[in-house]
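Okay, structure first, notes after.
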Amino acid sequence: MEDFITLLDKGETCRVSAQSKLKEYIFKLEDLKQNVEDMDLFSDNESIEEISSNDLELFLVPSVLGRAYEKLQMIGPKDRLLHLNQAKSYFRDYLEQLKAYRIILFQLPWVGSEVEKTATAAIDLNEKLNAADRRERVIKRFNIEKQLGDKMIEIQQECAQSGKSDEIGDRKYALTKLRLYAIKAIGDLDKIEEELRIVEHMLKVQKGEIAEEKPKQLKKFKPFRIVKDELQKKVFGLGYNSVPTLTVDEWYNQMDKKGHFQTITGEESNHEESEDEDENEEQKRQKKIAWDDWKDEHRAGWGNTYNRG
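Okay, structure coming up:
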């Protein structure tokens, strides 16, 4: 199962060979899930402490199946709808199982109305959120995923340093992994709900239940030729009666009438006048400074003394 999880995590499921492998793994995992149920490996009467560390990995089966169905590529919306609903069912099954064993403690809105407030109850799935709140929830979910991922790495490093794998370390790692995939499952359920609305809309359009929204037709512009003056208009206009020929002045007047060349508003005009006045004031100030400097360097009476010494 680890190889399959790695394939899903890499996101390389679009190729034909990967899709074939995807279907093969789905068949095997569904068979494994059925065997686990037939053997009553997990009982409602048991607590999580009674389940061995090796068996904890089997809790992941519905989560992996959900991700596999979500990534299956089909041609028509009908098949896509089927696979999305199948993925949704598996993700919910996974979360409900973790909730029953108190591995996760946040509320599942489709299960009941009880809200549990704990340190790990990070996300309320029953909220109706606007765009800003949705973004905040995605960021919050990302941060929790990162914390859990870092925790898994930390546990692995501790086991590597000790040089042996112990039951406590393995168990802690398995439970952290289950919680990480629970957070991922919530994100996947959000995406599935969004895609389901699109696919259901497509099916209604196909059945004729709702009219397809046609794109608005853009306004067609008639072609014309712009020439410099009236003489060129007469020359280039010959033989091209279907394509109007305009002089530059005629074209400008037409565009001006349609409001393409907006005149300067009073505010803009006042702003320009203000800038001109400021510029003139600056020029006057600079001239005055230059004149004062010249007078400092040339005292009164200096200049041409007309040979009077």
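Numbering (the working numbering), first residue to last: 1 to 309.
Ideal placement from N, C-alpha and C gives every residue a C-beta, glycine not left out.
Here the structure is a predicted model, which means the values were calculated and not measured.
Exercise. With burial defined as no fewer than 16 other Cβ atoms inside 10 Å of the residue's Cβ, what is the status of Leu-317: buried or exposed?
Worked result: This structure does not reach residue 317, given that the chain is present from 1 up to 309, and the question cannot be answered.
Exercise. When the Cα atoms are used, what is the spatial distance from Gly-187 to Pro-109?
Worked result: Note on geometry: alpha-carbon atoms of Gly-187 and Pro-109 lie some 15 Å from one another.
Problem set entry | Local conformation of Met-39 per DSSP, three classes | Looking at Met-39 - three-state DSSP - the assignment turns out to be coil, as it is neither helix nor strand.
Problem set entry | Rounded C-alpha distance that separates Lys-78 from Val-199 | Straight across, the Cα-Cα distance linking Lys-78 with Val-199 is about 8 Å.
Exercise. Which runs of the alpha helix (DSSP H) spanning at least 4 residues fall entirely within the stretch 61-105, listed in chain order?
Worked result: DSSP runs (the alpha helix (DSSP H)) wholly in the stretch 61-105: 61-71, 77-100.
Exercise. Going by Cα to Cα distance, which pick from Leu-196, Val-248, Lys-177, Tyr-252 is closest to Glu-2?
Worked result: It is Lys-177 whose Cα lies nearest to the Cα of Glu-2.
Problem set entry | the stretch 131-145 touching the stretch 46-66, judged by at least three CB pairs closer than 8 Å | Three or more Cβ pairs closer than 8 Å define a contact, and the stretch 131-145 falls short of that threshold against the stretch 46-66.
Problem set entry | Enclosing alpha helix (DSSP H) for Val-138 [first to last residue] | First-last of the alpha helix (DSSP H) with Val-138: 131-162.
Problem set entry | Cβ pair count under 8 Å reaching 3, the stretch 41-54 against the stretch 92-103 | The stretch 41-54 vs the stretch 92-103: in contact.
Problem set entry | Beta-carbon separation (whole angstroms), Ala-174 vs Ser-53, contact threshold 8 Å | With 8 Å as the limit, Ala-174 and Ser-53 qualify as a contact, their Cβ atoms being about 6 Å apart.
For this session: May I ask you to report which of helix, strand or coil DSSP gives Lys-216?
Result: In the structure shown, Lys-216 sits in coil (DSSP, three-state: anything other than H, G, I, E or B).
Problem set entry | Lys-295, buried or exposed, once every other Cβ within 10 Å from all chains shown has been counted against 16 | Exposed, since its Cβ has fewer than 16 Cβ neighbours within 10 Å.
For this session: For Phe-27, count neighbouring Cβ atoms within 10 angstroms of its own Cβ and tell me buried if that reaches 16, exposed if not.
Result: Burial call: exposed.
Exercise. For Leu-148 versus Ala-68, is the C-beta distance shorter than 8 Å?
Worked result: Going by C-beta atoms, Leu-148 is not nearer than 8 Å to Ala-68.
Exercise. How is the alpha helix (DSSP H) around Val-199 delimited, first residue to last?
Worked result: Segment 167-207, the alpha helix (DSSP H) holding Val-199.
Exercise. How about Asn-97 and Phe-59: do their beta carbons lie closer than 8 Å?
Worked result: Reading off the sequence shown, one finds Gln at residue 97, where the question assumed Asn. Going by beta carbons, Gln-97 and Phe-59 fall inside the 8 Å limit.
Exercise. DSSP on Ser-47, reduced to helix/strand/coil?
Worked result: Here Ser-47 sits in coil by DSSP.
For this session: State the Cα-Cα distance for the pair His-83 and Leu-72, rounded to the nearest angstrom.
Result: Each residue's alpha carbon lies about 7 Å from the other.
For this session: State the start and end residues of the unbroken alpha helix (DSSP H) segment that holds Ser-53.
Result: Where Ser-53 is concerned, the enclosing alpha helix (DSSP H) stretches over 53-56.
Exercise. Counting along the chain, where does the alpha helix (DSSP H) carrying Lys-257 start and finish?
Worked result: Annotation: the continuous alpha helix (DSSP H) that includes Lys-257 extends over 248-257.
For this session: Excluding the 5 residues preceding and the 5 following Arg-171 in the sequence, name in chain order all residues of the same chain whose CB lies nearer than 8 Å to its CB.
Result: Around Arg-171: Ser-53, Leu-56.
Problem set entry | Under 8 Å between C-beta atoms of Leu-317 and Met-152 | Residue 317 is absent from the model: the chain starts at 1 and stops at 309.
Exercise. Taking all protein chains shown into account, do 16 or more other C-beta atoms lie within 10 angstroms of the C-beta of Leu-29, making it buried, or fewer, making it exposed?
Worked result: With 16 or more neighbouring CB atoms inside 10 Å of its own CB, Leu-29 falls in the buried class.
Exercise. By a C-beta neighbour count over all protein chains shown, 10 Å radius and 16 as the cutoff for buried, is Ala-160 buried or exposed?
Worked result: Under this definition Ala-160 is an exposed residue.
Exercise. Got a sec? Which residues, its chain only, sit under 7 Å from Lys-88 by beta carbon, not counting five neighbours each side?
Worked result: Result list for Lys-88: Leu-189, Ile-192, in chain order.
Problem set entry | Same chain, Cβ closer than 7 Å to Leu-32, neighbours up to 5 away in sequence not counted | Same-chain partners within the cutoff: Val-61.
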